[in-house]
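> Have a look at this one.
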Amino acid sequence: MRVLITGASGSGTTTLGEALASTIDGVFFDADDFYWLPTDPPYTEKRNRDLRTALFTDALRSHPRVVVAGSIMGWGRDLEDAFDLVVFLQLETAIRIARLRERELKVYGKAPDPAFLEWAARYDVGPPTGRSLRKHEAWLGARKCVVVRIDGDLTVEERLARIEPHLSR
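As structure tokens, then:
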């Protein structure tokens with residue numbers, strides 16, 4: 032089983048992905064780890080598309096149960112349709128931005144880049160580059176697998192409970 036958990040930055044994809052991987056005795060991957068080269072500061076240099084594709088394909092084949100968190104829009108139809116289930120998380124902008132601020136302080140020990148927060152805050156109306164609700168909706172509509180939508184600020188346990196009925200399909 033391959034599950035993709037996607038949504039806006041700060042919606043909880045990583046937290047839910049790690050919890051789901053543990054629940055199903057699977058492995059967890061973050062799409063950003065394939066998209067971005069490891070740099071300091073992070074997320075400043077994109078990985079070559081062919082290398083990213085090869086690394087991601089190998090990761091998907093690495094285990095019978097794989098959970099990926101993040102966005103893979105535009106990575107190619109073969110990868111985008113390599114999942115048995117897609118979970119789409121939606122959350123109010125104010126909550127997402129507060130989570131992003133907290134995460135950046137916790138992980139990097141400093142306030143997040145204001146440009147990053149501005150980009151993340153524009154998700155619902157469509158930032159000029161990257162993810163947006165409109166782009167995600169179109170992408171989700173093209174998927175061949177089951178798509179589960181989870182809206183609101185639910186606990187990880189509540190989100191897992193909404194996913195569980197779809198895992199045995």
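In the working numbering, the protein residues as written are 32 to 200.
Each residue gets a CB set at the ideal place from its N, CA and C atoms; glycine is no exception.
Small disclaimer: the values here were computed from a predicted structure and weren't measured.
I need the straight-line Cα distance from Thr44 to Asn79, nearest angstrom please.
Their backbone Cα atoms lie some 24 Å apart in a straight line.
> So who's on the other strand from Val34, going by DSSP bridges?
DSSP output for Val34 lists Val98 and Leu116 as bridge partner(s).
> So if DSSP puts Arg180 in a beta bridge, which residue, or which two residues, is it bridged to?
In DSSP, Arg180 forms a bridge with Phe119.
> By a C-beta neighbour count over all protein chains shown, 10 Å radius and 16 as the cutoff for buried, is Ala113 buried or exposed?
By the 10 Å Cβ count, Ala113 comes out buried.
> Quick check: what's the CA-CA separation for Asp115 versus Ser102?
Whole-angstrom Cα-Cα distance: 16 Å.
> Could you spell out the range, first to last residue, of the beta strand (DSSP E) harbouring Val58?
That run of the beta strand (DSSP E) goes Val58 to Asp61.
> Count the other CB atoms, across all protein chains shown, that sit within 10 Å of the CB of Tyr154; report buried if there are 16 or more and exposed otherwise.
Burial call: buried.
> From Arg96, Tyr74, Asp63 and Thr75, pick the residue whose C-alpha is nearest to that of Leu86; which is it?
Per the Cα distances, Asp63.
> Using three-state DSSP, classify Trp67 as helix, strand or coil.
Of the three classes helix, strand and coil, the one that applies to Trp67 here is strand, per DSSP.
> Rounding to the nearest angstrom, what Cα-Cα distance links Tyr66 and Ala100 in this structure?
Distance between the alpha carbons of Tyr66 and Ala100: 12 Å.
> Take the Cβ of Thr37 as the centre, count every other Cβ of all protein chains shown within 10 Å, and call the residue buried at 16 or more, exposed below.
Under this definition Thr37 is a buried residue.
> Can we count Cys176 as close to the ligand MG, meaning its CB is less than 7 Å from some heavy atom?
Among the ligands in the structure shown, none appear at all, so the ligand MG cannot be discussed.
> By a C-beta neighbour count over all protein chains shown, 10 Å radius and 16 as the cutoff for buried, is Ser53 buried or exposed?
Counting Cβ neighbours within 10 Å, Ser53 comes out exposed, since fewer than 16 surround it.
> Compute the Euclidean distance between the alpha carbons of Leu148 and Gly157, then round it to the nearest angstrom.
Their backbone Cα atoms lie some 14 Å apart in a straight line.
> Can at least three beta-carbon pairs, one atom from the segment 189-196 and one from the segment 122-136, be found at a separation below 8 Å?
Result no; under three Cβ-Cβ pairs closer than 8 Å.
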